[in-house]
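Numbering (this note's numbering), first residue to last: 14 to 372.
Backbone N, C-alpha and C define an ideal beta-carbon position, used for all residues, glycine too.
These numbers come from a predicted model, not from an experiment.
Here's the structure, in structure tokens; my notes come after.
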Ligand code: 13P
Ligand code: SF4
């Protein structure tokens, strides 16, 4: 539905009043009404870099989810304040790895005698505490656009991809498995899933010793719903369709698709596509709808019409954005995201490691 015109006017007025004191970041999964007010849009990697590159902005308004706002707070100076317009904008995947569970899992690896040969890699979609854990243990953060480089770097730290060292990959088992198997050439047998709800992660000591990729049992509730059947169905329904999916999708979905990549990658492929070409896209619906609108000369389909929006990304709407901006205009900082100093220090080590990766 079109936005309330009064609200749009109020948003414009508040944005103008804040001027350069504020910088508005918008993730690709945000609603159109929010994207209209974003100074820059991007995937989580680009937004982290953009936040770090705006030292002049007093306020960073983060239109995305909680872990992204935490990362922005970590990467900006103490003088800058990061605001998340709705504090309920979390991420179900990030919530699947609690710091206590990860500490316990590490203790299991120590008991089995493999912790020294293991390096943690955490997906950006994790709490600051998990990033800090990763930094303390010499690992790196990664995003869907640099997971391959991050994994190669991590394995180099423990003896190389062809050696015997291991990666503990948090919290998205699918991104970890897809990257290890499809980009690094590992076998599915070398990947095991550590289930934090089970003793020893549900694995035998021998299974842990033999594994190269210890995948946390986490997933994205949106991307986890696409199936290989969806790919079969769309190929039958749409001739010459190119199927493009996000690496948070299950392994069988990614292997049956034609292209796989981050939101930024998906956007670039569509920009470069031939007029008249047909595409089926497996990622969040706000982005796919926007792509369909932006490319009327191409046929853009949704991979599964029953998959819905990311409900937490959608928590950020125009009323919340207006409220946050008007509060700032009045000198009240609402919904500020602050990471405590110790976690911020170690999470920054892991984030800086990611930013220093080649490419
Ligand atoms: P990217 O924007 O990094 O592709 O991540 C997708 C996502 O699920 C963010 O929550
Ligand atoms: Fe989290 Fe999935 Fe939503 Fe991204 S799309 S914020 S991974 S729940």
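Would you say residue 264 touches the ligand SF4, meaning its beta carbon is less than 7 Å from a heavy atom? The residue given as residue 264 occupies position 251 in the chain shown. Distances between the C-beta of residue 264 and the heavy atoms of the ligand SF4 are all 7 Å or more.
Below 7 Å, is the gap between the Cβ of residue 104 and the nearest heavy atom of the ligand SF4? Along the chain shown, read from residue 1 onward, the residue named residue 104 stands at position 91. In this structure, residue 104 has its beta carbon less than 7 Å from a heavy atom of the ligand SF4.
Go through its chain and collect everything with a Cβ distance to residue 237's Cβ below 8 Å, but skip five positions before and after it. Position 224 of the chain shown, counted from the start, is the residue given in the question as residue 237. Result list for residue 237: 187, 261, 262, 263, in chain order.
Note down, in chain order, each residue of its chain lying with its Cβ closer than 6 Å to the Cβ of residue 36, except the 5 sequence neighbours on either side. Taking the chain shown and counting its residues from 1, the one referred to as residue 36 is at position 23. Once the five neighbours on either side are set aside, the close Cβ partners of residue 36 are 52, 67, 70, 73.
Please tell me whether, using a cut-off of 7 Å, the distance from the CB of residue 78 to the nearest non-hydrogen atom of the ligand 13P is below it. In the chain shown, residue 78 corresponds to position 65, counting from 1. Residue 78: yes, Cβ under 7 Å from the ligand 13P.
Are the beta-carbon atoms belonging to residue 373 and residue 154 less than 8 Å from one another? Nothing in the structure corresponds to residue 373, since the chain is present only between 14 and 372.
Taking all protein chains shown into account, do 16 or more other C-beta atoms lie within 10 angstroms of the C-beta of residue 371, making it buried, or fewer, making it exposed? Position 358 of the chain shown, counted from the first residue, corresponds to residue 371. Burial check for residue 371: the Cβ neighbour count within 10 Å stays below 16, so the residue is exposed.
Is the distance from the Cβ of residue 47 to the Cβ of residue 280 below 8 Å? For the purposes of this step, residue 47 is taken as the residue at position 34 of the chain shown. For the purposes of this step, residue 280 is taken as the residue at position 267 of the chain shown. Against a cut-off of 8 Å, the Cβ pair of residue 280 and residue 47 comes out as no contact.
I'd like to confirm something about residue 333: is its beta-carbon nearer than 7 Å to some heavy atom of the ligand SF4, or not? As a position in the chain shown, residue 333 is number 320, starting the count at 1. Not under cutoff, so the answer is no.
With a threshold of 7 Å (Cβ to nearest heavy atom), would residue 155 be considered close to the ligand 13P? Within the chain shown, the letter at position 142 stands for residue 155. Answer for residue 155: no, Cβ out of range of the ligand 13P.
Is the CB-CB distance between residue 130 and residue 89 below 8 Å? Walking along the chain shown from the start, residue 130 turns up at place 117. Walking along the chain shown from the start, residue 89 turns up at place 76. No.
Can you tell me where the alpha helix (DSSP H) with residue 144 in it begins and where it stops? Taking the chain shown and counting its residues from 1, one reaches residue 144 at position 131. Going by DSSP, residue 144 is part of the alpha helix (DSSP H) stretching over 141–149.
Count Cβ pairs between the segment 267–287 and the segment 302–314 that sit closer than 8 Å; are there 3 or more? In short, these stretches touch, since the Cβ pair count reaches three.
Close-in-space but distant-in-sequence residues of the same chain around residue 84 (CB under 7 Å, 5 per side omitted): Position 71 of the chain shown, counting from 1, holds the residue named residue 84. Only 61, 137, 364 meet the Cβ criterion.
Could you say if the segment 215–235 and the segment 99–113 meet the contact criterion of at least three C-beta pairs nearer than 8 Å? The segment 215–235 is in contact with the segment 99–113.
Compute the distance between the beta-carbons of residue 342 and residue 31, then report whether it is under 8 Å. Start at 1 with the first residue of the chain shown, and residue 342 comes out as number 329. Start at 1 with the first residue of the chain shown, and residue 31 comes out as number 18. The answer is yes: Cβ separation under 8 Å.
Helix, strand or coil for residue 28 per DSSP? For the purposes of this step, residue 28 is taken as residue 15 along the chain shown, with counting starting at 1. Looking at residue 28 - three-state DSSP - the assignment turns out to be helix.
Using the three-state DSSP reduction, which class does residue 350 fall into: helix, strand or coil? Against the chain shown, residue 350 aligns to sequence position 337. Residue state, collapsed to three classes: coil.
Tell me the DSSP secondary structure of residue 21 in three-state form. In the chain shown, counting from the first residue as 1, residue 21 sits at position 8. Residue state, collapsed to three classes: helix.
In whole angstroms, give me the CA-to-CA distance for residue 77 and residue 265. Start at 1 with the first residue of the chain shown, and residue 77 comes out as number 64. Start at 1 with the first residue of the chain shown, and residue 265 comes out as number 252. If you take the alpha carbons of residue 77 and residue 265, they lie about 28 Å apart.
C-beta contact flag for residue 143 and residue 170 at 8 Å: On the chain shown, position 130 is the one that residue 143 refers to. On the chain shown, position 157 is the one that residue 170 refers to. It is not a contact, given that the beta carbons lie outside the stated cut-off.
Status (buried if at least 16 other CB within 10 Å, exposed otherwise) for residue 318: What you label residue 318 is simply residue 305 of the chain shown in a count that begins at 1. With fewer than 16 other Cβ atoms inside 10 Å of its own Cβ, residue 318 counts as exposed.
Quick one: grab the DSSP three-state call for residue 171. The residue given as residue 171 occupies position 158 in the chain shown. Note: residue 171 maps to coil in three-state DSSP.
Can you find the residues in the same chain that come closer than 7 Å, C-beta to C-beta, to residue 214, ignoring five residues on each side of it along the sequence? As a working mapping, residue 214 is identified with position 201 in the chain shown. Here the set comprises 118, 121, 207, 208.
Could I get the ranges of all uninterrupted alpha helix (DSSP H) runs contained in the segment 63–119, with 4 residues as the minimum, in chain order? Runs found: 79–88, 105–108.
Thinking C-beta only, is residue 286 closer than 8 Å to residue 292? Residue mapping note: residue 292 aligns to position 279 of the chain shown, counting from 1. Residue mapping note: residue 286 aligns to position 273 of the chain shown, counting from 1. In this structure, residue 286 lies closer than 8 Å to residue 292 by Cβ.
Could you tell me the distance, in whole angstroms, from the CA atom of residue 290 to the CA atom of residue 310? Here residue 290 corresponds to residue number 277 of the chain shown, with the count starting at 1. Here residue 310 corresponds to residue number 297 of the chain shown, with the count starting at 1. Their Cα atoms are separated by approximately 8 Å.
Between the CA atoms of residue 345 and residue 205 - distance to the nearest angstrom: As a position in the chain shown, residue 205 is number 192, starting the count at 1. As a position in the chain shown, residue 345 is number 332, starting the count at 1. Distance from the CA of residue 205 to the CA of residue 345, rounded to the nearest whole angstrom, comes to 48 Å.
Can you check the segment 293–364 for any beta strand (DSSP E) of at least 3 residues that lies completely inside it and give the ranges in chain order? Unbroken beta strand (DSSP E) stretches of 3 residues or longer found wholly inside the segment 293–364: 312–315, given in chain order.
Quick check: is any heavy atom of the ligand 13P less than 7 Å from the C-beta of residue 261? Translated into positions along the chain shown, residue 261 becomes position 248. For the ligand 13P, at least one heavy atom lies less than 7 Å from the Cβ of residue 261.
Residue 82 versus residue 295: straight-line alpha-carbon distance, rounded: As a working mapping, residue 82 is identified with position 69 in the chain shown. As a working mapping, residue 295 is identified with position 282 in the chain shown. Each residue's CA atom was taken as its position, placing residue 82 and residue 295 some 25 Å apart.
What residues match up with residue 154 in a beta bridge as DSSP calls it? Stepping through the chain shown from its first residue, residue 154 is reached at position 141. The secondary-structure analysis by DSSP pairs residue 154 across a beta bridge with 135.
Would you call the CB atoms of residue 337 and residue 96 closer than 8 Å? Looking up residue 337 in the chain shown gives position 324. Looking up residue 96 in the chain shown gives position 83. Yes, they are a contact pair.
Quick one: grab the DSSP three-state call for residue 182. In the chain shown, residue 182 corresponds to position 169, counting from 1. Under the three-state reduction of DSSP, residue 182 is assigned to strand.
Can you give me the Cβ contacts of residue 275 inside the same chain, cut-off strictly under 6 Å, excluding the 5 residues immediately before and after it? The residue labelled residue 275 in the question sits at position 262 within the chain shown. For residue 275, same chain residues with a beta-carbon under 6 Å away, outside a window of 5 residues either side, are 56, 157, 158 in chain order.
Classify residue 323: buried if its beta carbon has 16 or more other beta carbons within 10 angstroms, exposed otherwise. What you label residue 323 is simply residue 310 of the chain shown in a count that begins at 1. By the Cβ-count criterion, residue 323 is buried, with 16 or more other Cβ atoms from all chains shown falling within 10 Å of its own Cβ.
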